[in-house]
Structures are given as structure tokens and as C-alpha cells.
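All remarks here apply to the structure that follows.
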Amino acid sequence: MSGIKNISLYHYPLSRSARAKWLLHEMRGEDFTTIRVALRKGEQFTPEFLAKNPNHGVPVLDVTYEDGTQQVITESLAILTWLGDLDDRFAPSSTALRARADYLQVLALGGSWMDQMLWNIRLHESILPKPARNEAFAQFNRDKIKNEIAPQLTRRLSEHDYICGDKFTAADCLMGQNINWAGAYGLCRDEVFKTYMGRMKQRPAFQLAFADASEFEG
Ligand SMILES: N[C@@H](CCC(=O)N[C@@H](CS)C(=O)NCC(=O)O)C(=O)O
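Throughout, the numbering used here is defined as the position within the sequence shown, counted from one, plus 15.
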């Protein structure tokens, strides 16, 4: 990773920042800094944190380049795409047109479309105050994952060991975390998902990224 001096990740256990932490461990082992943001205590609303991410969420990637300049990257989808492009072990090159198109499609499906379905379930089943929750909307999102997303993922994982084929990519960090998240809602629990997640859980980088899972406070 030439040109980069240091990477810091703002993180909270089992959250979307675990996607980025997993990929960072795959790429750099322990060679990055993890900064825990106590979301339950509201640390994401401090002026220092809001200056980095006005959307008050993790992950935030704080990159120091070798020339001493810094850059902050927010949005897990952008972070995973950017990190993947730093290391050709984790992303198909832009000249591999078909593989690259498939990979970008899976990243967007996971980081945008499916992510929002999971988020809507979380919002309407546990985050919003009870009077603001909409049970039918939560169920609508559950049905979309069950009937539309899961079959697409099942087809991919039945044909190959990884979400984009025979090689692990950054898209596995994103979809793997989504499948884990969906599992907490009783979704994506068929055998094909268990086999895939079993394979992911054997990866030392996965184990490092999720070692703090028991510290998740809701
Ligand atoms: N679209 C953003 C969502 C980030 C996000 O909502 N993160 C949650 C944890 S999964 C968070 O930090 N929430 C605290 C808050 O919104 O105050 C991304 O994918 O990075």
C-alpha cells in the first residue's frame, strides 16, 4: 500500500464498521489503528467526531498519507471499494470488465440495497420509539430479503465458494457482514449461508474483526 502511512478506523462492535475492520485485517493484519466510538454513550455526536462524519456514524476511515496529508472517508460502501482497489488480491481490476462489473454490482447490492432493507427492519423493530414503528413496513423489508435478495445470494453461493466467484474479495466482507446481520433477524439462515459463513469464520481476519462482538450493546 504505497503512499499510505497510517490508517485509523473508527469502529463499534458488530456494526457496519466491522465490514471495514474485516477487510483491513485481511489486507494489513494488525497494521492499522482501531478507535472505538461508544455509540451508546453518544460519542458520535461530539464536535470532533461530527467534524469527521456529519452523519454521526461508523465506519470512518482516517487515512494519513506519506506526505503527511490526511483524508477522512465515510460510508462503508465507499470505504470497502476504496480499500479493495488498493490491493489486487481483493478486487478484480478495472480491465477485467465482466468480473469488475459483477463485483461492483454485488458491492452496491450489499452496501446500498440490502443494507437499507436490514436497516429498515432494525429501525422499525427496535430503534424508533414504539409509536413511530411500522410493523407492516418491517415485514415488507423482511419479505424483500427473503424472496428477492436471499435467492440471488443462494444462487451465487451454490455455484461458488465466494460471493463473486472462486476468489475472496472485498465484496465478501460486505455481504458476509450483511448475512451475519440478516441472521440476527432469522433471515439468510439456510444451509448454503451456514456453509458460507462457516468458511468466512475460519478466516483469521474475520475472527479479529468480530472478536469484540459480545461487546455490542444493542
Ligand atoms: N450508510 C452508512 C451508515 C453508517 C451507520 O449508520 N452506522 C451506524 C452503525 S451500523 C452508526 O454509527 N450509528 C450511530 C448513529 O447514527 O448515531 C455506512 O454504510 O457507512
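Beta carbons: idealized from backbone N, C-alpha and C, even for Gly. In this text, all values refer to a predicted model and were calculated from it rather than measured experimentally.
Would you grab the beta carbon distance between Asn156 and Ile136 for me? Rounded to a whole angstrom, and I think it's under 8 Å. Their Cβ separation, rounded to whole angstroms, is 5 Å, which keeps Asn156 and Ile136 in contact under 8 Å.
Can you give me the C-alpha to C-alpha distance between Gly180 and Asp117, rounded to a whole angstrom? For Gly180 and Asp117, the distance between alpha carbons rounds to 10 Å.
Leu112: buried (16+ other C-beta within 10 angstroms of its C-beta) or exposed? By the neighbour-count rule (16 or more Cβ atoms within 10 Å), Leu112 is not buried but exposed.
Using 9 Å as the threshold, is the C-beta distance between Ser173 and Val121 below it? No, these two residues do not count as a Cβ contact at 9 Å.
Mind checking whether the beta-carbon of Glu163 lies closer than 8 Å to any heavy atom of ligand 1? Set against 8 Å, the gap from the CB of Glu163 to the closest heavy atom of ligand 1 is not smaller.
heavy atom of ligand 1 below 8 Å from Gly152 C-beta: The question names Gly, but residue 152 is Phe in the sequence shown. Distances from the CB of Phe152 to the heavy atoms of ligand 1 are all 8 Å or more.
Under 8 Å from any heavy atom of ligand 1, does the C-beta of Phe60 make it? Because some heavy atom of ligand 1 lies under 8 Å away, the Cβ of Phe60 counts as near it: yes.
Whole-angstrom distance between Ala185 and Leu95, CA atom to CA atom: About 6 Å.
What does DSSP give as the partner residue(s) for Ile88 in the beta ladder? DSSP output for Ile88 lists Leu76 as bridge partner(s).
Under the criterion of a Cβ to heavy atom distance below 8 Å, does His71 qualify as lining ligand 1? Answer for His71: yes, Cβ within range of ligand 1.
Which runs of the alpha helix (DSSP H) at least 4 residues long sit entirely within the region 136-222? Give them in chain order. Under the rule that a run must span 4 or more residues, the alpha helix (DSSP H) segments found entirely inside the region 136-222 read 150-159, 165-174, 185-199 and 206-216.
If you draw a straight line from the alpha carbon of Gly198 to that of Ala153, how long is it in whole angstroms? Gly198 and Ala153 have their C-alpha atoms spaced approximately 15 Å apart.
Considering Tyr118, what are the terminal residues of the alpha helix (DSSP H) in which it resides? Tyr118 -> alpha helix (DSSP H) spans Leu112 to Ala123.
Boundaries of the alpha helix (DSSP H) in which Ser297 is found, first to last residue: Any answer about residue 297 is impossible in this case: the structure gives the chain only from 16 up to 233.
For His26 and Glu81, what's the separation of their Cα atoms in angstroms? Computed Cα separation, rounded: 23 Å.
Sequence-distant residues of the same chain with beta carbon closer than 7 Å to Val75, five excluded per side: Excluding the 5 residues flanking it on each side, Val75 has same chain C-beta neighbours closer than 7 Å at Tyr25, Lys67, Asn68, Val87 and Thr89, in chain order.
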